[in-house]
Every structure is written in structure tokens, then in C-alpha cells.
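Asks: Starting off with a structure, shown below.
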Amino acid sequence: DEFLRTDRLGYLEDLERQVAPGIEALLEVPGLGPRRVQVLNRSLGISSVAGLERAAREHRLAGLAGFGPKLEAKILQETERLTRRSRRLPLGVALPIAEEIVGLLRDNPRIGRIHVAGSIRRMKDTIGDLDVLVATDAPEAVVDTFAHLSVVREVLARGPTRASVLLTGDFQVDLRVMSAADYGAALLYFTGSKEHNIALRERAIQKGLKLSEYGLFDERTGKRLAGATEQEVYTALGLPWIPPELRENRGEIEAALAGHLPELVEERNLRGDLHVHTDWSDGRDSLETMVDAARARGYAYVAITDHSRGLGIAHGLTVERVREQRRRIDDLNRRLAPFRVLHGIEVNIRRDGSLDYPDEVLRQFDLVAVSVHGRFDLPEATMTARVLTALRNPSVDVLCHPRGRLLGKREPYAIDLEAIFRAACDRGVALEIDSQPDRLDLDDVWARRARDVGAMLVVDSDAHAADQLALVRFGIATARRGWVEKANLLNALPLEQLCARLRRAGAARGAGLESVHSTPGC
1 DEFLRTDRLG YLEDLERQVA PGIEALLEVP GLGPRRVQVL NRSLGISSVA GLERAAREHR
61 LAGLAGFGPK LEAKILQETE RLTRRSRRLP LGVALPIAEE IVGLLRDNPR IGRIHVAGSI
121 RRMKDTIGDL DVLVATDAPE AVVDTFAHLS VVREVLARGP TRASVLLTGD FQVDLRVMSA
181 ADYGAALLYF TGSKEHNIAL RERAIQKGLK LSEYGLFDER TGKRLAGATE QEVYTALGLP
241 WIPPELRENR GEIEAALAGH LPELVEERNL RGDLHVHTDW SDGRDSLETM VDAARARGYA
301 YVAITDHSRG LGIAHGLTVE RVREQRRRID DLNRRLAPFR VLHGIEVNIR RDGSLDYPDE
361 VLRQFDLVAV SVHGRFDLPE ATMTARVLTA LRNPSVDVLC HPRGRLLGKR EPYAIDLEAI
421 FRAACDRGVA LEIDSQPDRL DLDDVWARRA RDVGAMLVVD SDAHAADQLA LVRFGIATAR
481 RGWVEKANLL NALPLEQLCA RLRRAGAARG AGLESVHSTP GC
């Protein structure tokens, strides 16, 4: 009654004032319960894991009542481990781990359905820990199999229907086991996001229903209406099934109700890769090896985009080496037709926005991609002007990794992306979603914004070795989170349409020039 009238709870607020902010995080440290946490806080003022680790290093715990040298050493070990576990892994690192776990568990014949849930199923760019859901009629046997997997380093907790383990590298994996009847509702719940789940529960309440991880029930009678599959739950709520990548409560439920969910792009929609490096610059494999790998993936074309001469650390190409590489590519095209190797280049954008090569050289390439590779610390206005100047060059086709971020290593540089997107639309320049796991740049939010303003996108591998061509799976995941469809991608076009678009865009940008984008590789 108090909460409904005042939107506050006085008793709860009194309790919160008695507890130091953040102190509950100490309960995550194995070996610490409420009493010991209370001693730590009252005796040493500790209210965070970082403070606890510091006190253990300084040997200030051993003399406290209920502690001692052995417990102090254990606490130091566990706080260090907890700190490592709190680091989020890039999707490109976490997803292969998840797939290995699922592959190992599938060997158990008692397992029916199995999925990875949580943020990894939604394909977020970084992952905290891993949730695996299993449907089985033998829960204890499955938990036992999980606890004894060859990749498990330590079992943190274990019960009849769930377990938590640490893998090598301190990556935590949680297993949840349930019956087939509950599986769909549990998968929906544990996939999240929290915001999406809240929106679904609110819709259920509006219909007189109750939604939880155990199923969808009639609020009045308690009758179970759905729960075996996600599709069943969504249908009972009057919704089509919503792809996990969209479940962030960013308008997906409203779009579903209106019948306007996007037809999300799939990896099979890609006709080629437009950002590939070879050992001519900083790649590991030869030109021929990279082309063969692209053909093996079923592509119709690939753009070789080694670095320009200004990026000396990457052994960028001089004008003479550009011409030599062109001769090699022309020879490959004669031998491999109808497959096409496009002679591209990744050109460094200088501080003033100029490019590494003069216009007469740039016009000789089939595709020109531009990137910022240094001076990331410029003020936003200066960086924006720098990139806008580069986009005005009539030869430019693609802006690569537009924010310059490296996940966990380098924050995005300051830039007015709205202005960049408008210029890209006006100039017919595509914006890249770079699939390298430590980039995924553009990210999902900005990829959706680019799509909404009408910019063309491209999902590239930025491969520096043949096996990295497969990294496009992560770029596609990011594109899907950004509501991107096949029609929004430059490299989903057939070769003929791609070449026509490059010629058309180049001609429009270079009005008044005699020859722009002759695209001889096309």
C-alpha cells in the first residue's frame, strides 16, 4: 500500500542505510558469509572486492576474529580469481568456447535439447559468463557429465539440477537442467535481455497471464498455457517468434505487433568480402592463398585491400608495388573467371583528411577503403572534419571501422557519427561493420542508426590470414543486432550489381573528372 501510494518503501530504505553501498559484492567471494563480511566492514571499513584484495595483500585480515593466515591466503586467491572472472570476453573468444562445451555435452545420450543462453545467444560484443540450458529426464547424470568435462578446471558449485564450473582461463560456465515441458520458457527467460523479459511479462499481465521461467500460466486458474518452446510462448502472447539478437527492448515487440520485424541478414547472403589483407602488407598468407580461401567459401568475389604506403608499420604498398600487385591480380582474374578478384586498397586517412596516394593512383583501384590508423586523440570537431574530408574524395567507396575502437584496449575516438552518416549517404560511401572480434565496429546501436538513415553497410572480415575469412560470422551477428537486412549490405550484391554501383557512385562523386572508378577488375 505504501509503495503504490508513494513509490517508496520506508522500511527498505532504513535497511539500505544500515548496509554500506556495494558490500553485497563481498558475498561473491567463496569463504565469506554475512557474519564475516560484517566483521570486515566494521573492523576495517571494507565494502568492495578491490578493498578486500588490498587488505589481504597487506596482511590485515589474519588478526580479525574468525579469520587467520590460511583464510587470508584463500581470500586473496579468490579475490584475484573473481577480478579475473569479472572481465568480459569478446564474442569471438567466448562463442567458440560455448560451442565446444555444447559439443562435448551432446555426447551424453540422455540430453534432449541444449542451448547456450544469455548474452552470448543474443550475440552481444562482449560476454561475462556462459549459461548452458539442457532438457533431460536424467538431470543428475547430466550434471555429473558436465562437472567432469575435460575442459573443466574447478567445480564452483553443484546441485541436482545446476552446476557452476571454471574453465582454464577462469571463464565461468553455469549449467541449468530442466524438463522438456519447461524448456522453452526457461530458454526465453535465461536468454534475456532483462528489459525484453520485463516487456513480455507486462504484456502477459495485460492479458491476465503470468510469465516466468517455468511457463506461461492463466493468472486466474493457474492453468499452464505454454512453455515447451519459445515459439509456443510468443504465440500465446500474440507475437511472432523474435530472433534473440533483437531482444533488447529497443522496439522489437512493437515491430512484431505491427508485422514489421526485419528479415535479418544471414551469413549465406554474403557474395564476397571487401576487406582482406595479404603478405603484401601485414597479412600472413599470400595473395593466391587468400583468393583460394574466398573461393572455398563460395564467394563470387573478394577485394584485396592491403595497406597504403603511409602505414609503414604494416609494410604499406608503394606506387610501384601497387602496379606489381595489379599485374598479379589481373593474371588471377584471367585464370579464375567468372570469380573476380577486385584490386582494392585500405588507405590511411592523414590528420588533415588527405589520403596516402594522389587521385590519379586512387582512380586505378577497383575499390578504395579508408581508415583512421593514428592520432586517435584528436578533439571531436577535428576528427570529424578529418574523416569528412576523406569522404569527399571521389574515389572513396568504404569507410572502415568508423569508430576506431578495440574492445577492452582502446575506447572509440571522439567523432560526430551523425555527420559522418549523412556524408556517407550523400557520397554513396558504405560504412563497415568490421568482423574482427576486438573491433565489431560499427557496433549494433550505430549499425542500426546507419541503416535507419539510409546508409549502405558492408560486413567484412578484415582478414589477415585465410582462416580469418570465417570471422564474418561475428560481423553478421552484430549486423543482425542492428536490425540489418540483406538489402542494406553492399557485399550482398551480385558481382555485376556491385560493379555497377561502384562505377555509378564513383561517377557521381567525381563529376567533372575524365575517369573515375574504371573498375577494370569488374
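First residue of the sequence shown? That's 1 in the working numbering, and the numbers climb one at a time after it.
Backbone N, C-alpha and C fix where the C-beta goes; we use that ideal spot for every residue, glycine too.
1. According to DSSP, what are the bridge partners of Y189?
2. State the Cα-Cα distance for the pair V143 and E195, rounded to the nearest angstrom.
3. Return the chain-ordered list of same chain residues with a C-beta closer than 8 Å to the C-beta of T318, the five sequence neighbours on each side being excluded.
4. Measure the Cβ-Cβ separation of I75 and A94 and say whether it is below 8 Å.
5. Select from G344, V387, I345 and R326 the residue whose C-alpha is nearest the C-alpha of S354.
6. Identify whether Y357 lies in helix, strand or coil by the three-state DSSP scheme.
7. Is it right to say R497 is buried, meaning 16 or more other beta carbons lie within 10 angstroms of its own, or is it exposed?
8. The ligand GDP and E496: does the residue's C-beta get closer than 7 Å to at least one heavy atom of that ligand?
9. Could you have a look at P21 and say whether DSSP puts it in helix, strand or coil?
10. Measure the alpha-carbon distance for G68 versus L166 and round it to whole angstroms.
11. What is the DSSP secondary structure of V151, reduced to helix, strand or coil?
12. Using the Cβ count rule (16 or more neighbours within 10 Å means buried), how would you classify Q436?
13. Within this structure, are the beta carbons of Y537 and R422 separated by less than 8 Å?
14. So, with DSSP's three-state summary, where would you put Q31?
15. Sort R350, P394 and G159 by Cα distance to T382 and report the nearest one.
16. Just mark Q364 as buried or exposed, buried being the case when its beta carbon has 16 or more other beta carbons within 10 Å.
17. Pick out whichever of L188, L274, R392 and D282 has its Cα sitting closest to the Cα of V302.
18. Out of E320, L71, K207 and L61, state which residue places its alpha-carbon closest to the alpha-carbon of R42.
19. Can you give the beta carbon distance from P240 to R122, rounded, assuming they're within the 8 Å contact cut?
20. Nearest by alpha-carbon distance to H148: which of A181, R113, N108 and A185 is it?
21. If we ignore side chains and look at the alpha-carbon of each, how far apart do E360 and N393 end up?
22. From this set, R250, Y183, A163 and T168, which residue's C-alpha is nearest L200's C-alpha?
23. Measuring straight from C-alpha to C-alpha, what distance separates A450 and L489?
24. Could you pull the start and end residues of the beta strand (DSSP E) that M123 belongs to?
25. Excluding the 5 residues preceding and the 5 following A314 in the sequence, name in chain order all residues of the same chain whose CB lies nearer than 6 Å to its CB.
26. Tell whether a beta-carbon distance below 8 Å holds between D426 and R481.
27. On a Cα-Cα basis, can you pick out the residue from T161, L332 and I253 that is closest to V291?
28. Locate the beta strand (DSSP E) running through G344, then write down its first and last residues.
29. Confirm, please, whether the CB-CB distance from R162 to R176 is below 8 Å.
30. Considering L167, what are the terminal residues of the beta strand (DSSP E) in which it resides?
31. Is the separation between the beta-carbon of T384 and that of D356 shorter than 8 Å?
Replies: The short version:
1. DSSP, once it has assigned bridges, lists no residue as partnering Y189.
2. 30 Å
3. R309
4. no
5. V387
6. coil
7. Note that residue 497 corresponds to Gln in the displayed sequence, not to Arg. It counts as exposed.
8. The ligand GDP is absent from the structure shown, which contains no ligand whatsoever.
9. coil
10. 26 Å
11. coil
12. buried
13. Since the first residue shown for the chain is 1 and the last is 522, residue 537 is missing from the structure and cannot be characterised.
14. One detail in the question is off: residue 31 reads as Gly in this sequence, not Gln. Coil, per DSSP.
15. R350
16. buried
17. L274
18. L61
19. About 17 Å separates the two Cβ atoms, so there is no contact after all.
20. N108
21. 12 Å
22. R250
23. 11 Å
24. M123 -> no beta strand (DSSP E), and no H or E assigned at all.
25. S281, D282 and H307
26. no
27. L332
28. R340 to N348
29. yes
30. R162 to L167
31. no
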